[in-house]
């Protein structure tokens, strides 16, 4: 009988830090600008230039490390990673090797159903490389280099090899992305390359023993690409195991068109990076005191949001997961929750129609023109039967474009008609105008109550108190 | 050979300076001092304390719009996109750059024979080397073409040629002069240095060049240097000063002439009241190998940017790898290649522990050791070189003996301490001899003033 095999996966993530300036020079950190329009002698590696560390990046690095529950190196600094590659203008990369800013972390993350705990090996700062642009045009073959990307600050997160399937990797990535977004570190846009993922995959018969080979997969540009690449690679390696072969250690590229991983380079061409301390940047010394202050002021994390929503607000995990997917949305809910305790209803509105219309308008919760308090009042009104959801929905667009709910309420007939006599009058009129349906109802087709209710809704512009209306119809018809 | 000082130039009409510089340059063409001269254009308006003072730039210090080749084919046509921080400071003070001077390629050498553009000859005797790697810089001052020269000192490259050309040469505490615009050789040792005819001029220029440069994190402002108004040595007293000296040089072979000059100076200083105490400077005999390991390690990394892609020489190749290989094979000279290979070796993961990391540890120990030293003594007096100038071609095929020229100078780079070489008589063959004073970290002005006092007494 074949022995079971278990996949073992570790992930390396590069996150481009959102910052005004690059990490070692004053060039702007932008995406999509004309090639080589944001470059200077420093980020193109001109002779005699020296890196000047942008300390703002340090705060981002510390915040991310703390959010991943890492230990912090109070004595930290940069190292040189030496290798020749045309996208690396100095032919060495300034990175952190010996004393990464964060190490030995433990990240708690969530899926809609579960909670995970993951070992984080390290978090470190480094500079991005330039971008090679390969021209495939037959007339103009060759490669060009765009140095706009050279020197964009990166944070690299390296996990322990603790994943065993593609799902948990994708959940991790999603939650790491949320964390970076909550902390204001990065938009983590995989298409723009502000979040880049490499993964190491191997199989073992015994989870207690780490495999002695490792296949690295690069070039997965979407979350679904990550999932497909991992699943493909696990199957590829399983097939080798089935034939009693051990996969080779190598780096493979994910080809998203062919849906295959392909050999990029074998590990024989092992690179000795000859790391040594970067002499142009003095070591960075952090004080315990500063660290405590940072911990105290750690910005909100999605992990905290999940815990708060599920424990304090007793929301279902799935709902909390959706609600906390965006910091501004979560904060909108928290603000509204001060005025209304119908949390679930609020969540349904927020994650349903409100976000839908906001997105249509190209807006987000941070610039939502319907204030959380007004929103909370509306949900309360719906709860007490003073307003119907239908009406709310019908005026939602106007509210989101800045119209005041109370003004609408005053000037237009939108409040629920719950006056028995008024409703009775309307009901009688409806019945008298539809004798055929009344006959059928009396003949036993009681389902037609829905038809009458529909008429009532139409006549009252959806403002009728539905419970009371139905009651009145039943009374009148049963007579 | 009429030498120029800052005082001379400030007190002479601009036209006269111009002619002096021109004729000095023309008369010394055969010595191969300058790789390029800029033409002297004195300014009519007074800009600052170095108004119309001519100076030369070593070919690895950048001046915007001008070529800086580092004495290498690799950068033969490289035009600087910006000026070095110290050059900006000098220009703002009114100083006039007269040209760029020859050097050992990428500052690797002790004789200027490693220049891709031919050796420079010693103006005092053209059969001899001017020292290196700032040989052109020292020679440019020696022939009177400028009042001072900027060189770079990674292991003695300012002090040794200054000594070989009978001049003053100063390397400050690491960080006193910004390295921005100095092409890196060994980042943690490199310092720009000044070669001049007297200590006054070195103080004046240091005061102009020192500042915290926001684009060099290792630079700092030295209040003492910045606050100088008038230089005088009246309040400097040798009495009460403790100067560490070496009672013998064994196992370091030092020429008899130098030993004699050294002993004479000790006696003289002692007569003037300084307390001369015997010390054996720790690790001195190991400083050359230590220096070679650390400097080649960093150099191998610093020089990897010259790959034919972005600027400088490019030799065509079918693939990017072959292009890079032929560019670097052709563009770098033998000594540079030797050091890149050495540096790659000592940092390779297999050997790093044994060489590079061990050297780092020793450097840490040395720094601690000497810090303690300088809390009890004021200065250390050492020869600048183990021998007087040697002949052209004498050591060029013997790298180890060439490296050994740095035995008394590399220590200040390893420690990051300031050091100045002073002319101190001559050998029996009439060759110049320099003696060196070294102070503790950050004691630059104090050291310069002390050196100025000693120099004054020697006259």
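Chains as they are written, first to last, in the numbering used here: chain W, 18 to 496; chain B, 743 to 1201. The C-beta atom is built at its ideal place from N, Cα and C for all residues, glycine as well.
According to DSSP, simplified to helix, strand and coil, what is residue i?
i, result
"residue 1121 of chain B", "strand"
"residue 1043 of chain B", "helix"
"residue 777 of chain B", "strand"
"residue 221 of chain W", "strand"
"residue 100 of chain W", "coil"
"residue 1149 of chain B", "coil"
"residue 1178 of chain B", "strand"
"residue 1072 of chain B", "helix"
"residue 426 of chain W", "helix"
"residue 269 of chain W", "strand"
"residue 831 of chain B", "helix"
"residue 859 of chain B", "coil"
"residue 277 of chain W", "strand"
"residue 231 of chain W", "coil"
"residue 837 of chain B", "coil"
"residue 842 of chain B", "strand"
Closest to residue i by CA distance: which of the options is it?
i, options, result
"residue 1025 of chain B", "B/1149, B/1174, B/763", "B/1149"
"residue 237 of chain W", "W/250, W/228, W/229, W/482", "W/250"
"residue 244 of chain W", "W/218, W/231, W/60, W/264", "W/218"
"residue 29 of chain W", "W/139, W/453, W/403, W/490", "W/139"
"residue 75 of chain W", "W/314, W/303, W/294, W/26", "W/303"
"residue 141 of chain W", "W/231, W/276, W/32, W/201", "W/32"
"residue 885 of chain B", "B/822, B/956, B/865, B/803", "B/865"
"residue 839 of chain B", "B/868, B/847, B/887, B/875", "B/887"
"residue 89 of chain W", "W/67, W/116, W/63", "W/116"
"residue 1107 of chain B", "B/1078, B/1040, B/1032, B/1051", "B/1032"
"residue 227 of chain W", "W/188, W/181, W/257, W/211", "W/181"
"residue 1034 of chain B", "B/1052, B/999, B/1142, B/748", "B/1142"
"residue 799 of chain B", "B/905, B/979, B/810", "B/810"
"residue 963 of chain B", "B/1051, B/975, B/1100, B/1185", "B/1185"
"residue 437 of chain W", "W/341, W/168, W/487, W/261", "W/487"
"residue 754 of chain B", "B/1052, B/777, B/794, B/841", "B/794"
"residue 110 of chain W", "W/103, W/82, W/99", "W/99"
"residue 271 of chain W", "W/247, W/25, W/265", "W/247"
Near residue i, what residues of its chain come up, given a Cβ to Cβ distance below 8 Å and the 5 sequence neighbours on each side ignored?
i, result
"residue 375 of chain W", "381, 382, 385, 417"
"residue 17 of chain W", "In the structure displayed, chain W extends from 18 to 496; residue 17 of chain W sits before or after that span and is not available."
"residue 47 of chain W", "55, 165"
"residue 1118 of chain B", "984"
Excluding the 5 residues preceding and the 5 following residue i in the sequence, name in chain order all residues of the same chain whose CB lies nearer than 6 Å to its CB.
i, result
"residue 1124 of chain B", "1150, 1178"
"residue 1120 of chain B", "983, 984"
"residue 148 of chain W", "163, 166"
"residue 938 of chain B", "890, 910, 944"
"residue 210 of chain W", "none"
"residue 114 of chain W", "96, 292"
"residue 746 of chain B", "886, 889"
Going along the chain, which residues of its own chain have a beta-carbon closer than 7 Å to the beta-carbon of residue i, five neighbours each way excluded?
i, result
"residue 434 of chain W", "440, 477, 480, 481, 482"
"residue 849 of chain B", "802, 875, 894, 896, 899, 927"
"residue 206 of chain W", "212"
"residue 255 of chain W", "22, 220"
"residue 297 of chain W", "67, 68"
"residue 239 of chain W", "207"
Since residue i meets chain D, which of its residues come closer than 8 Å, beta carbon to beta carbon?
i, result
"residue 1097 of chain B", "In summary, chain D is missing from the structure at hand, where the protein chains are W and B."
Tell me whether the region 907-914 of chain B and the region 1163-1179 of chain B touch, counting them as touching only if at least three CB pairs, one residue from each stretch, are closer than 8 Å. Judged by Cβ distances under 8 Å, the region 907-914 of chain B makes contact with the region 1163-1179 of chain B, as three or more pairs qualify.
At what residue ranges does the region 29-95 of chain W contain a whole run of the alpha helix (DSSP H), taking only runs of 4 or more? 73-84
Kindly confirm or deny that the region 470-490 of chain W and the region 753-770 of chain B touch, where touching means at least three C-beta pairs closer than 8 Å. no
Unbroken alpha helix (DSSP H) runs of length 4 or more, entirely within the region 353-422 of chain W: which are they? 360-366, 372-377, 389-400, 406-417
Could I get the ranges of all uninterrupted beta strand (DSSP E) runs contained in the region 932-969 of chain B, with 3 residues as the minimum, in chain order? Listed in chain order, the complete beta strand (DSSP E) runs (minimum 3 residues) inside the region 932-969 of chain B are 933-938.
Quick check on the DSSP output: what are the complete alpha helix (DSSP H) runs of length 4 or more inside the region 292-354 of chain W, in order along the chain? Runs found: 305-313, 319-324, 334-340, 344-353.
Report the residue ranges of all beta strand (DSSP E) runs contained in full by the region 746-794 of chain B; include only those spanning at least 3 residues, in chain order. 776-779
Are the region 948-964 of chain B and the region 823-841 of chain B touching by the rule of at least three beta carbon pairs closer than 8 Å? Enough Cβ pairs lie closer than 8 Å, so yes.
Which whole runs of the alpha helix (DSSP H) in the region 972-1055 of chain B are 4 residues long or more, in chain order? 998-1013, 1029-1044
Contiguous beta strand (DSSP E) assignments of at least 3 residues, all confined to the region 100-140 of chain W: 109-112, 119-127
Do the region 895-909 of chain B and the region 926-938 of chain B touch if we need at least three Cβ pairs shorter than 8 Å? Contact between the region 895-909 of chain B and the region 926-938 of chain B is present, because at least three Cβ pairs lie under 8 Å.
Would you call the region 1129-1143 of chain B and the region 1085-1101 of chain B in contact, with 3 or more CB pairs under 8 Å? The region 1129-1143 of chain B is not in contact with the region 1085-1101 of chain B.
Taking only runs that begin and end inside the region 1078-1149 of chain B, name each unbroken beta strand (DSSP E) of 3 or more residues, in chain order. 1121-1125
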